[in-house]
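Read the structure below first, then the notes.
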Amino acid sequence: MSTPDIRTELIKLVELQGLDKKIFELNQKKEEVPLILERLQKAFEGKKADYKTLESNLQKTQLQQKEKEGDLNAKEEGIKKSQSQLGALKTNKEYQAKLAEIESLKADKSVIEEEILKLMDEVETAKKALDEEKKILAGEEKIYNEEKRAVEEQAKDIEASLQAEQGKRQIAAAGVDKKILQAYEHILHGRGGVALVKVSNNSCEGCHMRVPHQVINEIKMYNRLITCENCSRILYLEEGE
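Numbering (UniProt numbering), first residue to last: 1 to 241.
Below, the structure written as C-alpha coordinates:
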(Lines of atoms letter the chains of each structure in order from A and count residues from 1; the text may use other names and numbers.)
(Lines give C-alpha, C1' and ligand atoms only; values in the text may rest on other atoms or scores of the structure.)
Protein backbone atom coordinates (compact mmCIF):
# COMPACT_ATOMS: atom_id res chain seq x y z
CA MET A 1 0.00 0.00 0.00
CA SER A 2 1.42 3.38 -1.00
CA THR A 3 2.09 6.01 1.64
CA PRO A 4 -0.30 8.97 1.33
CA ASP A 5 1.13 12.35 0.41
CA ILE A 6 0.59 14.33 3.62
CA ARG A 7 0.68 17.73 1.91
CA THR A 8 -2.08 16.65 -0.50
CA GLU A 9 -4.10 15.03 2.28
CA LEU A 10 -3.90 18.21 4.37
CA ILE A 11 -5.26 20.24 1.45
CA LYS A 12 -8.18 17.79 1.30
CA LEU A 13 -8.66 18.01 5.06
CA VAL A 14 -8.79 21.82 4.91
CA GLU A 15 -11.71 21.54 2.48
CA LEU A 16 -13.33 18.85 4.63
CA GLN A 17 -12.89 20.89 7.80
CA GLY A 18 -14.58 23.87 6.14
CA LEU A 19 -17.58 21.68 5.37
CA ASP A 20 -17.60 20.12 8.83
CA LYS A 21 -17.52 23.56 10.44
CA LYS A 22 -20.61 24.55 8.45
CA ILE A 23 -22.33 21.26 9.29
CA PHE A 24 -21.52 21.68 13.00
CA GLU A 25 -22.94 25.23 13.01
CA LEU A 26 -26.05 24.13 11.09
CA ASN A 27 -26.63 21.28 13.55
CA GLN A 28 -26.34 23.72 16.43
CA LYS A 29 -28.95 25.97 14.81
CA LYS A 30 -31.15 22.93 14.17
CA GLU A 31 -30.96 21.96 17.86
CA GLU A 32 -31.94 25.49 18.87
CA VAL A 33 -35.19 25.43 16.83
CA PRO A 34 -37.33 23.40 19.30
CA LEU A 35 -36.00 25.52 22.18
CA ILE A 36 -36.93 28.74 20.38
CA LEU A 37 -40.40 27.36 19.57
CA GLU A 38 -40.85 26.31 23.20
CA ARG A 39 -39.87 29.79 24.44
CA LEU A 40 -42.31 31.43 22.02
CA GLN A 41 -45.11 29.09 23.08
CA LYS A 42 -44.44 29.59 26.81
CA ALA A 43 -44.46 33.37 26.39
CA PHE A 44 -47.78 33.24 24.53
CA GLU A 45 -49.26 30.74 27.02
CA GLY A 46 -48.31 33.17 29.79
CA LYS A 47 -50.27 35.95 28.07
CA LYS A 48 -53.23 33.59 27.61
CA ALA A 49 -53.05 32.75 31.32
CA ASP A 50 -53.23 36.49 32.15
CA TYR A 51 -56.40 36.73 30.06
CA LYS A 52 -57.87 33.64 31.75
CA THR A 53 -57.15 35.19 35.17
CA LEU A 54 -59.06 38.35 34.22
CA GLU A 55 -61.90 36.23 32.85
CA SER A 56 -62.01 34.15 36.04
CA ASN A 57 -62.02 37.29 38.23
CA LEU A 58 -64.93 38.70 36.21
CA GLN A 59 -66.90 35.47 36.62
CA LYS A 60 -66.27 35.47 40.39
CA THR A 61 -67.46 39.08 40.68
CA GLN A 62 -70.56 38.31 38.59
CA LEU A 63 -71.29 35.33 40.83
CA GLN A 64 -70.92 37.52 43.94
CA GLN A 65 -73.34 40.02 42.39
CA LYS A 66 -75.85 37.24 41.65
CA GLU A 67 -75.59 35.94 45.22
CA LYS A 68 -76.13 39.44 46.62
CA GLU A 69 -79.14 39.91 44.35
CA GLY A 70 -80.51 36.66 45.81
CA ASP A 71 -79.92 38.03 49.31
CA LEU A 72 -81.70 41.25 48.31
CA ASN A 73 -84.73 39.33 47.03
CA ALA A 74 -84.82 37.37 50.28
CA LYS A 75 -84.77 40.60 52.32
CA GLU A 76 -87.53 42.14 50.18
CA GLU A 77 -89.66 39.02 50.63
CA GLY A 78 -88.99 39.19 54.36
CA ILE A 79 -90.10 42.83 54.48
CA LYS A 80 -93.31 42.05 52.55
CA LYS A 81 -94.07 39.10 54.80
CA SER A 82 -93.47 41.12 57.97
CA GLN A 83 -95.58 44.02 56.68
CA SER A 84 -98.43 41.62 55.86
CA GLN A 85 -98.36 40.37 59.45
CA LEU A 86 -98.86 43.82 61.03
CA GLY A 87 -102.68 43.75 60.77
CA ALA A 88 -102.93 40.46 62.61
CA LEU A 89 -101.00 41.59 65.70
CA LYS A 90 -103.05 41.93 68.95
CA THR A 91 -100.91 44.17 71.16
CA ASN A 92 -98.98 47.38 70.68
CA LYS A 93 -95.85 45.64 71.97
CA GLU A 94 -96.10 43.00 69.25
CA TYR A 95 -96.78 45.73 66.70
CA GLN A 96 -93.70 47.77 67.73
CA ALA A 97 -91.51 44.64 67.72
CA LYS A 98 -92.64 43.81 64.19
CA LEU A 99 -91.96 47.39 63.05
CA ALA A 100 -88.44 47.13 64.52
CA GLU A 101 -87.98 43.86 62.67
CA ILE A 102 -89.10 45.52 59.42
CA GLU A 103 -86.69 48.43 59.96
CA SER A 104 -83.84 45.99 60.58
CA LEU A 105 -84.68 44.16 57.34
CA LYS A 106 -84.80 47.48 55.47
CA ALA A 107 -81.39 48.45 56.91
CA ASP A 108 -79.98 45.10 55.78
CA LYS A 109 -81.55 45.65 52.36
CA SER A 110 -79.91 49.06 52.07
CA VAL A 111 -76.48 47.59 52.88
CA ILE A 112 -76.98 44.83 50.29
CA GLU A 113 -78.06 47.39 47.66
CA GLU A 114 -74.84 49.33 48.27
CA GLU A 115 -72.83 46.14 47.93
CA ILE A 116 -74.63 45.30 44.67
CA LEU A 117 -73.91 48.76 43.25
CA LYS A 118 -70.24 48.36 44.16
CA LEU A 119 -70.13 44.91 42.53
CA MET A 120 -71.87 46.28 39.40
CA ASP A 121 -69.10 48.88 39.08
CA GLU A 122 -66.48 46.17 39.55
CA VAL A 123 -68.14 44.01 36.89
CA GLU A 124 -68.23 46.92 34.46
CA THR A 125 -64.55 47.72 35.08
CA ALA A 126 -63.60 44.03 34.76
CA LYS A 127 -65.52 43.71 31.47
CA LYS A 128 -63.69 46.70 30.00
CA ALA A 129 -60.33 45.31 31.14
CA LEU A 130 -61.21 41.90 29.68
CA ASP A 131 -62.27 43.41 26.34
CA GLU A 132 -59.04 45.39 26.17
CA GLU A 133 -56.98 42.32 27.09
CA LYS A 134 -58.83 40.30 24.43
CA LYS A 135 -57.74 42.79 21.75
CA ILE A 136 -54.16 42.71 23.04
CA LEU A 137 -54.19 38.90 23.13
CA ALA A 138 -55.45 38.75 19.53
CA GLY A 139 -52.48 40.92 18.50
CA GLU A 140 -50.08 38.79 20.54
CA GLU A 141 -51.48 35.62 18.94
CA LYS A 142 -50.88 37.08 15.48
CA ILE A 143 -47.28 37.95 16.40
CA TYR A 144 -46.77 34.49 17.95
CA ASN A 145 -48.06 32.73 14.82
CA GLU A 146 -45.88 34.90 12.56
CA GLU A 147 -42.76 34.29 14.68
CA LYS A 148 -43.52 30.56 14.88
CA ARG A 149 -43.99 30.38 11.11
CA ALA A 150 -40.71 32.26 10.55
CA VAL A 151 -38.80 29.86 12.84
CA GLU A 152 -40.36 26.85 11.11
CA GLU A 153 -39.38 28.26 7.70
CA GLN A 154 -35.87 28.88 9.00
CA ALA A 155 -35.77 25.27 10.21
CA LYS A 156 -36.62 24.09 6.69
CA ASP A 157 -33.82 26.26 5.25
CA ILE A 158 -31.38 24.90 7.84
CA GLU A 159 -32.35 21.32 6.99
CA ALA A 160 -31.95 21.98 3.26
CA SER A 161 -28.51 23.57 3.81
CA LEU A 162 -27.53 20.70 6.08
CA GLN A 163 -28.46 18.11 3.47
CA ALA A 164 -26.50 20.03 0.81
CA GLU A 165 -23.38 20.38 2.99
CA GLN A 166 -23.54 16.72 4.03
CA GLY A 167 -23.70 15.75 0.36
CA LYS A 168 -20.59 17.83 -0.35
CA ARG A 169 -18.89 16.33 2.70
CA GLN A 170 -19.56 12.80 1.54
CA ILE A 171 -17.84 13.54 -1.76
CA ALA A 172 -14.92 15.35 -0.08
CA ALA A 173 -14.43 12.60 2.53
CA ALA A 174 -14.33 9.91 -0.16
CA GLY A 175 -11.17 11.50 -1.54
CA VAL A 176 -9.25 11.41 1.76
CA ASP A 177 -6.98 8.52 2.72
CA LYS A 178 -9.01 6.16 4.94
CA LYS A 179 -6.57 6.06 7.88
CA ILE A 180 -6.11 9.82 7.82
CA LEU A 181 -9.89 10.29 7.60
CA GLN A 182 -10.36 7.94 10.56
CA ALA A 183 -7.84 9.90 12.65
CA TYR A 184 -9.43 13.21 11.60
CA GLU A 185 -12.98 12.08 12.45
CA HIS A 186 -11.91 10.70 15.83
CA ILE A 187 -10.57 14.15 16.76
CA LEU A 188 -13.55 15.90 15.12
CA HIS A 189 -16.14 14.26 17.37
CA GLY A 190 -14.23 15.04 20.53
CA ARG A 191 -13.31 18.64 19.72
CA GLY A 192 -16.57 20.45 18.97
CA GLY A 193 -16.53 19.97 15.22
CA VAL A 194 -12.96 21.26 14.76
CA ALA A 195 -10.24 18.66 14.10
CA LEU A 196 -7.88 20.64 11.86
CA VAL A 197 -6.45 24.04 12.78
CA LYS A 198 -3.95 26.41 11.31
CA VAL A 199 -0.76 27.48 13.03
CA SER A 200 -0.77 31.27 13.01
CA ASN A 201 1.91 33.47 14.58
CA ASN A 202 3.46 30.31 16.06
CA SER A 203 0.22 29.54 17.93
CA CYS A 204 -2.46 26.86 17.55
CA GLU A 205 -5.69 28.52 16.38
CA GLY A 206 -7.68 25.83 18.20
CA CYS A 207 -6.45 26.42 21.75
CA HIS A 208 -4.12 29.44 21.24
CA MET A 209 -1.19 27.65 22.87
CA ARG A 210 2.29 28.37 21.51
CA VAL A 211 3.59 25.79 19.04
CA PRO A 212 7.34 25.07 19.47
CA HIS A 213 9.60 25.72 16.45
CA GLN A 214 10.58 22.06 16.39
CA VAL A 215 6.90 21.11 15.89
CA ILE A 216 6.49 23.71 13.15
CA ASN A 217 9.52 22.24 11.39
CA GLU A 218 7.97 18.78 11.64
CA ILE A 219 4.76 20.10 10.02
CA LYS A 220 6.82 21.52 7.15
CA MET A 221 8.43 18.13 6.55
CA TYR A 222 5.02 16.56 5.69
CA ASN A 223 6.14 13.11 6.85
CA ARG A 224 3.09 12.53 9.05
CA LEU A 225 0.13 14.32 10.63
CA ILE A 226 1.25 16.55 13.49
CA THR A 227 -1.14 17.31 16.34
CA CYS A 228 -1.17 20.06 18.94
CA GLU A 229 0.42 18.93 22.20
CA ASN A 230 -2.33 20.74 24.13
CA CYS A 231 -5.66 20.24 22.30
CA SER A 232 -4.70 17.24 20.11
CA ARG A 233 -6.04 18.85 16.92
CA ILE A 234 -4.22 18.30 13.62
CA LEU A 235 -1.98 21.24 12.76
CA TYR A 236 -1.24 22.68 9.34
CA LEU A 237 0.50 25.67 7.82
CA GLU A 238 -0.79 27.79 4.99
CA GLU A 239 1.24 27.55 1.80
CA GLY A 240 4.24 29.88 1.92
CA GLU A 241 4.51 29.95 5.70
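Where is the CB? At the ideal position from N, CA and C, for every residue including glycine. Keep in mind that this is a model prediction, so the values were computed, not measured.
According to DSSP, residue pairing for C204 in a beta bridge involves V199.
E94 and S82 have their C-alpha atoms roughly 12 Å apart. Between V123 and L54, the C-beta spacing is not below 9 Å. For Y236, the beta-bridge partners assigned by DSSP are K198.
The C-beta of K52 has fewer than 16 other C-beta atoms within 10 Å across all chains shown, which makes the residue exposed.
Excluding sequence positions up to five before and after L72, its CB lies within less than 8 Å of the CB of K109, I112, E113 and I116, all in the same chain and listed in chain order. A contact is defined here as three or more CB-CB pairs under 8 Å, and the region 191–207 fails this definition with respect to the region 59–70. In this structure D121 is exposed. Its beta-carbon is surrounded by fewer than 16 other beta-carbon atoms within 10 angstroms. Annotation: A43 to L130 spans about 19 Å, alpha carbon to alpha carbon.
Around the beta-carbon of I171, fewer than 16 other beta-carbon atoms lie within 10 Å, marking it exposed. Residues I158, S161 and L162 of the same chain have their beta carbon placed closer than 6 Å to that of L26, with the five preceding and five following residues left out of the count.
When E101, G18 and L137 are compared, the shortest CA-CA separation from E76 is found for E101. Around the beta-carbon of I219, 16 or more other beta-carbon atoms lie within 10 Å, marking it buried. Shown here, R149 sits in a helix according to DSSP, grouped into three states. Annotation: K68 to K127 spans about 19 Å, alpha carbon to alpha carbon. The secondary-structure analysis by DSSP pairs R210 across a beta bridge with S203. With fewer than 16 other Cβ atoms inside 10 Å of its own Cβ, T125 counts as exposed. E146 sits exposed, since fewer than 16 C-beta atoms from the chains shown fall within 10 Å of its C-beta.
Assignment of T91 by DSSP, reduced to helix, strand and coil, places it in the coil class. The beta strand (DSSP E) runs of length 3 or more contained entirely in the region 66–125 do not exist; there are none. Excluding its 5 nearest sequence neighbours in each direction, Y222 has C-beta neighbours in its own chain below 8 Å: D5, I6, R7 and L10, listed in chain order.
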